[in-house]
Structures are given as C-alpha cells and as structure tokens.
Amino acid sequence: MSTFDAAPIALIVHAHPEPHSFSTAQMTTAARTLGEAGYRVDVLDLYADGWAPILDRHEFLPVDGPFKPQAEQMRAVREGTLDAAVRAHLDRLLAADLLVLSFPMWWFSLPAILKGWIDRVFVMGTVFGGDHGLFDDAALAGRRAMLLLTTGGPSESFQSGGAFGPMDDFLFHIHRGMLEFVGYHVLEPVVTYGPARMTDQERTAALEAVSESVALVAAAARPSVH
Ligand SMILES: Cc1cc2nc3c(=O)[nH]c(=O)nc-3n(C[C@H](O)[C@H](O)[C@H](O)COP(=O)(O)O)c2cc1C
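Counting from 1, one number per residue, gives the positions in the sequence shown under this note's numbering.
Right, dumping it as structure tokens:
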C-alpha cells in the first residue's frame, strides 16, 4: 500500500503477443518514463505470462445448481477461495495508484486476453459490489487509470466525420464501463495511430511523444492514500 511517504505504484497490464512490436516498445517506454518520474512500476505482461483469460466454473468451488459467476466471485471472496492467479493479480491491482492498460486496438476494443483479465480480476466483492458501490462509491475511487494503445487506422479516421468516427466513442465502454465503474479517475488516453506504416525515424519520434505524454501524466497524478 502506498502513502504520501512511499513511491506511488503504477501497474501496467500489457497485452501484445509480440515482444518486438511497437505496442511492446510503447509499453517499455511508458514504464521507463514512469520509473524516471519516481513511480515503482509493476508490469504484468499477459501473453508472456500465459494468462488464461476465460472466466469459467472451474476456478471456483463446485456449486449446487446453476453457476452464477458474480455470486461465486462474492462467495470466493467471503470464504477466501479465490483462484490463486486471480488473487495474486488482484493484490497487484489493489496496490497500484495508477493503472495503465497497454494494448493494440483489436476490433475497436481490447484484445480478448485483456478483456479476460478484467473479467477475472475485477472481482465482484473486491473492487465493486459487496461492501462497495459503483463509480465514485467503488473501491478504487481516488486512483487513476489510463489507456495506452496503438491502432491500425490513421488518426484522421478516428475524427468526427472520419471513416471510423471519434476515438472517444470507441473507448467509452472501457473508460466508463470498466474503469470508472470500479472507481478510477480516467486520464486522457495515449494513442499511437498506425505505427505499422511508420519509418524508423517516425517510430522513434512516436516513442518520444509517448514518453512526453506519460511524463505529463506522472507529474499530474498525485498518489491517493489507501
Ligand atoms: C484481430 C485484430 C483486430 C484489429 N482491429 C483493429 C481495429 O478495430 N481498428 C484499428 O484501427 N486497427 C485494428 N487492427 C490493427 C492493429 O490495431 C494494429 O496492427 C496495431 O495496433 C499496430 O500495433 P503493433 O504493430 O504494435 O501490433 C486489428 C488487428 C488485429 C490483429
């Protein structure tokens, strides 16, 4: 747990299958920048760690009758029987002042492995529900979260009137439905558009831009007491 006396903790949850991808370089850049700004940085690399994204009945004790996932999450919290991998990731989440979700945009959303991390680790009865409410009453109220992503499409396509429409519209379900839902204050996303078409020089400049954006976040984000 951090206090004003301790270094704030940033948890970066990264979801890209290729260590040499731009997304992974972007994540590494963000981690380095946060570290230089005084954060203790914890990186969870879901593909590298072989994270199992599917929430199903086998991670819970056997049930009599129909399997109700959120009821079983609440029971597992009450009885101390949460799956060990989920418990370990949840503890890292609860320790973090700043959560960064790092991913390539897939189908205008999160890669499935990261969606499955939310499914399993945003456990009802811990980050929301049970003794906690939703949004400002949820357990992570006072902490910050941001998205760090790449796209295939160019930035013009994500403007109002562009081929796809505004980026904020696509990110709304993550910002509001996942992050604010459990209490986070959501920061401006850091987006690199179309890294696949960049020259080496453009790629270097894009990583510098990421570092500058993350440095601003690090300077603005004050750790909460929890
Ligand atoms: C399954 C899949 C779905 C994708 N969906 C989108 C999409 O909805 N919008 C978009 O702009 N790019 C999409 N892309 C392209 C990726 O976002 C793009 O290749 C990636 O962000 C580039 O970063 P990288 O080189 O680090 O992988 C998709 C790629 C894959 C593999």
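Backbone N, C-alpha and C fix where the C-beta goes; we use that ideal spot for every residue, glycine too.
Report back the beta-carbon spacing between residue i and residue j to the nearest angstrom; my notes put them in contact at under 8 Å.
| i | j | result |
| --- | --- | --- |
| Y39 | A6 | In fact, because the Cβ distance is near 11 Å, the residues do not count as touching under 8 Å. |
| D83 | E59 | 4 Å |
Any idea if residue i is buried or exposed, counting beta-carbon neighbours within 10 angstroms, 16 or more meaning buried?
| i | result |
| --- | --- |
| L61 | exposed |
| G50 | exposed |
| D97 | buried |
| W117 | buried |
Cβ of residue i within 7 Å of any heavy atom in ligand 1?
| i | result |
| --- | --- |
| A196 | yes |
| S211 | no |
| T29 | no |
| G162 | no |
| S167 | Per the sequence shown, the amino acid found at residue 167 is Met instead of Ser. The answer is no for M167. |
| H58 | no |
| T81 | no |
Where residue i and residue j are concerned, what is the direct C-alpha to C-alpha distance, given to the nearest angstrom?
| i | j | result |
| --- | --- | --- |
| R87 | E72 | 14 Å |
| R75 | T126 | 11 Å |
| P223 | T199 | Summary for P223: the model assigns pLDDT 48, below 50, so the residue's position carries little reliability; its value from the coordinates is reported in the next sentence. Whole-angstrom Cα-Cα distance: 37 Å. |
| V41 | A95 | 11 Å |
| P19 | K68 | 37 Å |
| D137 | E79 | 24 Å |
| G165 | F158 | 5 Å |
| L114 | P53 | 7 Å |
| V214 | Y184 | 17 Å |
| A48 | H16 | 9 Å |
Flag this pair as yes or no: are the beta carbons of residue i and residue j separated by less than 8 Å?
| i | j | result |
| --- | --- | --- |
| H14 | S102 | yes |
| M105 | L44 | no |
| F122 | V210 | no |
| L55 | R120 | yes |
| V186 | H173 | no |
| E30 | V100 | Here the sequence assigns Ala to residue 30, which means Glu is not the residue at that position. Yes, these two residues count as a Cβ contact at 8 Å. |
| T151 | F22 | no |
Check whether the Cβ of residue i sits closer than 7 Å to any heavy atom of ligand 2, and report yes or no.
| i | result |
| --- | --- |
| F22 | This structure simply doesn't include ligand 2; it includes ligand 1 instead. |
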